[in-house]
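Its first residue numbered 66, the sequence shown is counted upward by one per residue in the working numbering.
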Amino acid sequence: MIFFEDTLSERQRIEEAIKKYGYASEHNFWWYQCQANKESKNIFAEYEDGTGLLTIKKKDKYIIFSSPLAPESRRVPVIIEYLNCVFQSQKIEKVTFELEDELYKKLIKALPATLKARKINYSLTCPVYNLENFEPDLPGNRWKTLRKEKNKFYRNHSVLISDAKTYKDKGALHYIINEWRKKRSGHDRTHLSPYHNFINENFKGSTEARILIVDEKTCGINAGWMIPNSNRFYGSLGIHDYSISGLGDILYLEDLTWLKTKGYKEADMGGGETALTNFKNKFRPESFYRTYIFSVVKQ
66 MIFFEDTLSE RQRIEEAIKK YGYASEHNFW WYQCQANKES KNIFAEYEDG TGLLTIKKKD
126 KYIIFSSPLA PESRRVPVII EYLNCVFQSQ KIEKVTFELE DELYKKLIKA LPATLKARKI
186 NYSLTCPVYN LENFEPDLPG NRWKTLRKEK NKFYRNHSVL ISDAKTYKDK GALHYIINEW
246 RKKRSGHDRT HLSPYHNFIN ENFKGSTEAR ILIVDEKTCG INAGWMIPNS NRFYGSLGIH
306 DYSISGLGDI LYLEDLTWLK TKGYKEADMG GGETALTNFK NKFRPESFYR TYIFSVVKQ
């Protein structure tokens with residue numbers, strides 16, 4: 066196993082691994098780069114067969130960012146080999162993960178006696194939408210409430226969509242992130258620095274990035290990319306400043322409608338706890354999957 070600490074210089078190496086083995090929503094080089102801050106360092110762990118782990122070093126712990134870059138049969142072995150290596154060679158207290166349900170279960174069963182998984186810290190539920198079945202006009206009785214809300218919003222407000230990558234007032238976008246953090250109802254741990262870094266890097270790595278302007282005020286951001294080796298889009302960023310009643314519904318509908326119009330087939334709209342899941346249920350996802358946030362320590 067080789068540890069590469071200058072991940073920007075190793076961009077080609079990491080992107081090749083993502084292209085070959087990527088499958089999870091956050092398998093995106095530039096989004097991974099956005100995770101680093103003054104208190105952490107990105108380190109790419111690569112194996113001889115080209116598989117690897119996107120990791121983040123923070124003081125006395127490591128974070129495995131997203132799932133392993135490996136074929137399904139290698140994902141658990143890759144994690145266990147990494148855990149044995151870092152716990153033997155470095156003074157760290159724990160390694161933290163966010164893994165999808167099936168991979169989490171397989172890892173727990175395979176952990177050696179020298180390692181222990183702590184109790185799940187929290188879980189996130191991720192909705193997946195079939196965009197081929199989504200109807201932007203929201204016809205029929207089942208969409209009646211949302212349709213009325215949408216029509217009322219567009220009657221009462223001037224609404225514009227603009228390209229986030231060409232939008233010059235980055236301060237307005239940073240303001241949205243800060244206001245969202247203050248007013249959101251979720252209790253999962255949300256770190257702002259990746260979002261601010263994403264804006265500062267002008268949404269590098271995204272294939273779609275738009276801002277919502279209502280009554281001449283910038284108040285929402287939607288952005289994301291295609292999940293590697295899939296036909297599924299990942300909505301990595303869908304954030305607004307809560308400044309107008311119904312703004313969250315309008316931003317979400319804008320995202321689904323835009324993606325449908327652009328020809329995307331499916332959309333993974335990211336994970337959340339109960340309140341956010343209840344909100345996303347209004348838009349009728351076709352399916353869900355769950356991820357678990359937990360840590361592994363030495364026995």
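Every residue, glycine too, gets a C-beta built ideally from N, C-alpha and C.
Check                                                                                                               : Outcome
C-alpha distance - residue 146 paired with residue 111, whole-angstrom precision                                    : 11 angstroms
Spatially closest choice to residue 265 from 281, 289, 236, by CA coordinates                                       : 236
Cβ neighbours of residue 305 in the same chain (closer than 8 angstroms, five flanking residues each side left out) : 241, 245, 277, 284, 285, 286, 312, 313, 316
Residue interval of the beta strand (DSSP E) (run including residue 297)                                            : 297-305
Rounded straight-line distance, which links the Cα of residue 155 to that of residue 344                            : 43 angstroms
Residue 220 (DSSP reduced to helix, strand or coil)                                                                 : helix
Spatially closest choice to residue 267 from 92, 81, 221, 289, by CA coordinates                                    : 289
Proximity of residue 239 and residue 279 at Cβ, strictly below 8 angstroms                                          : no
Short Cβ contact (8 angstroms threshold) for residue 119 with residue 131                                           : yes
Classification of residue 292 by the beta-carbon crowding that lies within 10 angstroms, buried from 16 upward      : buried
Cβ contact (3+ pairs, closer than 8 angstroms) linking the stretch 172-181 and the stretch 324-343                  : no
Residue 232, DSSP secondary structure in three states                                                               : coil
N- and C-terminal bounds of the beta strand (DSSP E) containing residue 360                                         : 352-363
Which residues DSSP lists as bridging residue 109, in chain order                                                   : 69, 119
8 angstroms Cβ cutoff met for residue 66 and residue 194                                                            : no
Residue 73 vs residue 98 beta-carbon contact at 8 angstroms                                                         : yes
Where residue 116 falls, given that 16 or more other Cβ within 10 Å makes a residue buried                          : buried
Alpha helix (DSSP H) runs wholly inside the stretch 307-348, at least 4 long, in chain order                        : 312-326, 339-346
Stretch-stretch touch, CB-based, cutoff 8 angstroms, three pairs: the stretch 353-363 with the stretch 184-199      : yes
Residue of 88, 108, 89 minimising C-alpha distance to residue 75                                                    : 108
First through last residue of the alpha helix (DSSP H) which encompasses residue 148                                : 137-154
Closest by C-alpha distance to residue 210, when choosing among 360, 68, 348                                        : 348
Spatially closest choice to residue 233 from 275, 199, 224, by CA coordinates                                       : 275
Residue 168 versus residue 331 - alpha carbon distance                                                              : 22 angstroms
Residue 206, DSSP secondary structure in three states                                                               : helix
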